[in-house]
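Take a look at the structure set out below.
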DNA sequence: TATTTGACTGAATCACTCATTTGGTCATTT
DNA sequence: AAATGACCAAATGAGTGATTCAGTCAAATA
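Chains as they are written, first to last, in the numbering used here: chain A, 1 to 189; chain B, 1001 to 1189.
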């Protein structure tokens, strides 16, 4: 059997269930039916193993976002769907949710770093879509990195932060309509 | 001498220097040249005393923002100046900066609560300006609360969060130009 | 020989304790 | 009537010894 694959699967399960800090290398070895030392023949250390797993998760997330893209649709429609998918992923996907919690509650440096990498991936994904629609002539020529960053932060604020200060969360349609009237409207040629 | 005023001044100094948690009622009493019990004849408890002080700070902040408003200027110009003033206040003003730190590092509930109240004050301030400019006919009729919230979160993201992931912070002009091209542009009639 | 393994190590973290501190009270003083 | 600080219960934190854990490496295995 492919030992590296076994280890990756075991580690993914453990990190998803318990987070980075609460997962021990011995635990992973036990689940993978492998000696602890074996892990170190494939991965330099715990952090590197974690990175590989999170990066795989990022790929899955990008794939889901890509699947949500409809070829003929407007930028607003696609960007909205992609962002919603990825922010839903953030709350739904066990590992992503665990990383967010761990960074918030314990400031685990490894979790913080990979959380940033994941968020950067989202921003880059959106930036690429913007560039495509600019090339298509549907959007004005703007700084796509800044716009992508703004869209991510704005969506995060309205979906995650809003209910911290307000007692009912905003319905998705209301968010969509609001951003259509503000940010998206300003991007059209 | 006005004992209440002495206490307020002493408490303001202490909270500004050491934060909420690290300030003791005995310390305040000592600085105010007052017995500890005296404080409790004016304020129900430590939290209420803190609230009164933070609310005074909020007034000062709003005053500074109001001073930054130029009567004849455009909405963008005034909103930008007001937001920048208040976010500068957030980093410059000893007490505000201490509250932000304390909420981040210790999650002190009292600090968290007053931080929210302060941020809500900023959003409300901006909302009122929006309503004014909508009435003036300079801005389209939009949900002013949502726009105010968006502006606050967006400015916070570009001024505070940007340099967390990027190594050089954005120059103010670049931020102003970017928001002019995006959010502000979409608000004009 | 090449690969796998788990006992081993030092550093970090933990649970626990107990002395100190602190928010708030109230009998006494002014 | 107003001010005070000794006092109290609860919370905090320093100090501790025990435990846990990431990573290593000599021995076992294939």
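Glycine residues also receive a C-beta, built at the ideal position from the N, C-alpha and C atoms. Just so you know, these numbers come straight off a predicted model, no measurement behind them.
Distance CB(residue i)-CB(residue j) smaller than 8 Å
i              : j              : result
residue 191/A  : residue 39/A   : A query on residue 191/A cannot be resolved here, the shown segment of chain A reaching from 1 to 189 and no further.
residue 1126/B : residue 1151/B : yes
residue 1159/B : residue 1187/B : no
residue 1032/B : residue 1010/B : yes
residue 1153/B : residue 154/A  : yes
residue 1182/B : residue 122/A  : no
residue 1057/B : residue 1086/B : no
residue 192/A  : residue 89/A   : In the structure as shown, chain A starts at 1 and stops at 189, and residue 192/A therefore has no counterpart that could be examined.
residue 82/A   : residue 68/A   : yes
residue 110/A  : residue 42/A   : no
residue 29/A   : residue 36/A   : yes
residue 1046/B : residue 1025/B : yes
residue 137/A  : residue 173/A  : no
Limits of the unbroken alpha helix (DSSP H) element including residue i
i              : result
residue 1082/B : 1075-1092
residue 169/A  : Here residue 169/A belongs to no alpha helix (DSSP H), and DSSP marks it neither H nor E.
residue 46/A   : 46-68
residue 1124/B : 1109-1136
residue 27/A   : 25-32
residue 1154/B : 1144-1156
residue 8/A    : 3-18
residue 1041/B : 1036-1042
8 Å contact criterion, which residue i and residue j should meet: CB distance rounded
i              : j              : result
residue 1100/B : residue 1115/B : 7 Å
residue 19/A   : residue 119/A  : Actually they do not touch by this definition, with Cβ atoms about 18 Å apart.
residue 179/A  : residue 139/A  : About 14 Å; that fails the 8 Å criterion.
residue 3/A    : residue 34/A   : 6 Å
residue 1095/B : residue 1016/B : 4 Å
residue 1144/B : residue 1131/B : 5 Å
9 Å Cβ cut-off: residues of chain B touching residue i
i             : result
residue 153/A : 1153, 1154, 1156, 1157, 1158, 1161
residue 182/A : 1142, 1146, 1147, 1150, 1182, 1183, 1186, 1187
Residues that residue i contacts on chain A, provided the C-beta gap is smaller than 9 Å
i              : result
residue 1083/B : None at all; the shortest Cβ gap to chain A is about 15 Å.
residue 1173/B : Within 9 Å Cβ-Cβ: nothing; residue 1173/B doesn't reach chain A, min ~13 Å.
residue 1178/B : 142, 143, 146, 147, 150
residue 1242/B : No answer is possible for residue 1242/B: it lies beyond the span of chain B, which begins at 1001 and ends at 1189.
Distance cut-off 7 Å: residue i Cβ against heavy atoms of the ligand GTP
i             : result
residue 155/A : By its list of ligands, the structure shown contains no ligand whatsoever, and the ligand GTP lies outside what it can speak to.
Proximal residues of chain A, C-beta to C-beta of residue i below 8 Å
i              : result
residue 1120/B : 165
Residues that residue i contacts on chain B, provided the C-beta gap is smaller than 8 Å
i            : result
residue 80/A : Going along chain B, no residue has its Cβ under 8 Å from residue 80/A, so there is no contact; the nearest lies around 15 Å.
Residue i: contacting residues in chain A (beta-carbon distance under 7 Å)
i              : result
residue 1185/B : 186
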